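Taking our numbering, the leading residue of the sequence shown gets 71, the next gets one more, and so forth.
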Amino acid sequence: MIRLSTGIPDFDKLIEGGIPQGFFVAVTGEPGTGKTIFSLHFIAEGLKEGDNCIYVTTEESRDSIIRQAKQFNWDFEEYIEKKLIIIDALMKEKDDEWSLTEVTPEELVNKVIAAKQRLGQGRARLVIDSVSALFLDKPAMARKISYYLKRVLNKWKFTIYATSQYAITTSQAFGFGVEHVADGIIRFRRRIKDGMLHRYVIIEKMRQTNHDKHVWEIDIKPGKGIVLLGKLEERREDYALPPKVMQKIKEASEKEENEL
Ligand SMILES: Nc1ncnc2c1ncn2[C@@H]1O[C@H](COP(=O)(O)OP(=O)(O)OP(=O)(O)O)[C@@H](O)[C@H]1O
Ligand SMILES: [Mg+2]
C-alpha cells in the first residue's frame, strides 16, 4: 500500500507511515485548533515530493493561505499554476479563474477537476478547507454532500483532506456527515488548563491501518508548524490533581478509617 506523508514525521509514525493513497480523510475540530495548518503541512509535503496539489479555501482568502504558509517557511507562490492551484471560494472574484462564484458541491467539483486537468498527470493531493461551507445552511445534507464529493473525486485519484468545524451551538451536525463517509478521522481539540490554551489531536479512524489511539498534546510553533508534545497518559501533570488536593483526600480517608 502506498502511503502519503502528512509532512509531520512524528505524526506519520502514528499511522504506519502516512495516509493511504486515495483516502478521504476528515480533519475535524473546533476553531483555531490547527486544521488549516495541518492541511498546509500536507500540501507543503506534496509540493516537496512533486505531487500535484489543489487547495480549496472557503473561510480564508488565497492570500491569507499563502501568508500563513510563509510563516512556516513554505513558499507556495513559486508553485502556483505549476504544481499548486488554490481555489478561492471566499473572495468570489469574477475575473479570477480559480475563484468559486457559488459555493455549491457541483461548482466545487467542476473547479477541482478543471484544476486537476490543468496540473496534468501524476499523484494528486486535495484539501477542501472546509467542507462545512457546503452545508452551512443545510446541516441535514452533510452526509449526502460528503458522499457525493467522495464518490466523484475518487475517480480522479486524489488523496483528500476535508476539514470540518464543530459549531458548539449546532453540536455534532456539522462534523458527522463527513465522518461517516470518511476513510479516516483526525480530530483536533482544545482545552483551557491553568489559564492556558492547550491543543490536542487524536486519530479516531484510519481504515486499513493499525493507528495510534492516544490523545497527543500538540503545539503550533512559529517557523515550524505543528509539533507533537507527548501522549496525554504519559504526562502525569495533565491529569494528576494538585499535591495539596491529594494531601487533603489522603487525610480525609485516614480520618474516616480511624472513625470506623
Ligand atoms: N506563525 C504562527 N506561529 C505560531 N502559531 C501560529 C502561527 N500562525 C498561526 N498560529 C496558531 O494557529 C492558530 C490557527 O490555526 P488554524 O488556522 O490551523 O486553525 P483551524 O483549526 O483551521 O481554525 P478555523 O476552524 O477557525 O479555521 C492560531 O489561532 C494560532 O494560535
Ligand atoms: Mg481553518
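Glycine is no exception: its CB is placed at the ideal position from the N, C-alpha and C atoms.
Quick caveat: nothing in here was measured; it's all calculated off a predicted structure.
Next item on the list: Taking residue 260 as part of the beta strand (DSSP E), name the residues at either end of that continuous run.
Entry: 254-263
Check: Taking the alpha carbon of residue 293 as the point to measure from, which residue in 95, 141, 102, 104 has its own alpha carbon closest?
Finding: Minimum Cα distance to residue 293 is reached at 141.
Notebook entry, point to check: If we ignore side chains and look at the alpha-carbon of each, how far apart do residue 92 and residue 189 end up?
Noted result: 18 Å
Next item on the list: Kindly provide the chain-ordered list of residues whose Cβ lies closer than 7 Å to any non-hydrogen atom of ligand 2.
Entry: 105, 106, 129, 130, 199, 200, 233
Item checked: Completely contained beta strand (DSSP E) runs for the segment 282-307, where each covers 3 or more residues -> Entirely contained in the segment 282-307, the beta strand (DSSP E) runs reaching 3 residues are, in chain order, 286-291, 295-301.
Notebook entry, point to check: Between residue 295 and the rest of its own chain, which residues show a CB-CB distance below 6 Å, the 5 nearest in sequence each way excluded?
Noted result: So the qualifying residues of the chain are 107, 111, 142.
Margin query: For residue 328 and residue 313, I'd like the C-alpha separation in whole angstroms.
Written below: 23 Å
Next item on the list: Locate the beta strand (DSSP E) running through residue 231, then write down its first and last residues.
Entry: 228-235
Margin query: Would you call the segment 272-285 in contact with the segment 113-131, where contact means no fewer than 3 C-beta pairs closer than 8 Å?
Written below: no
Note to self: In the DSSP assignment, the alpha helix (DSSP H) including residue 81 goes from what residue to what residue?
What the structure shows: That run of the alpha helix (DSSP H) goes 79-82.
Check: Quick one: what does DSSP say residue 275 is sitting in, helix, strand or coil?
Finding: strand
Next item on the list: Could you tell me the distance, in whole angstroms, from the CA atom of residue 101 to the CA atom of residue 152?
Entry: 31 Å
Checklist line | With 16 other Cβ atoms within 10 Å as the buried cut-off, status of residue 262 | finding: Exposed, since its Cβ has fewer than 16 Cβ neighbours within 10 Å.
Notebook entry, point to check: Cβ of residue 247 within 8 Å of any heavy atom in ligand 1?
Noted result: no
Notebook entry, point to check: Exposed or buried, residue 323, counting other C-beta atoms within 10 Å across all chains shown (16 or more means buried)?
Noted result: That one is exposed.
Next item on the list: Compute every distance between the C-beta of residue 150 and the non-hydrogen atoms of ligand 1, then say whether any falls below 8 Å.
Entry: Using a cutoff of 8 Å, the CB of residue 150 does not count as near ligand 1, since none of the ligand's heavy atoms is closer than that.
Notebook entry, point to check: Sorted by chain position, which residues of the same chain lie with C-beta nearer than 6 Å to residue 139's C-beta, five sequence neighbours on each side aside?
Noted result: Only residues of its own chain outside the window of five on either side were considered, and among them 110, 146 have a CB closer than 6 Å to the CB of residue 139, listed in chain order.
Check: Three-state secondary structure (DSSP) at residue 106?
Finding: helix
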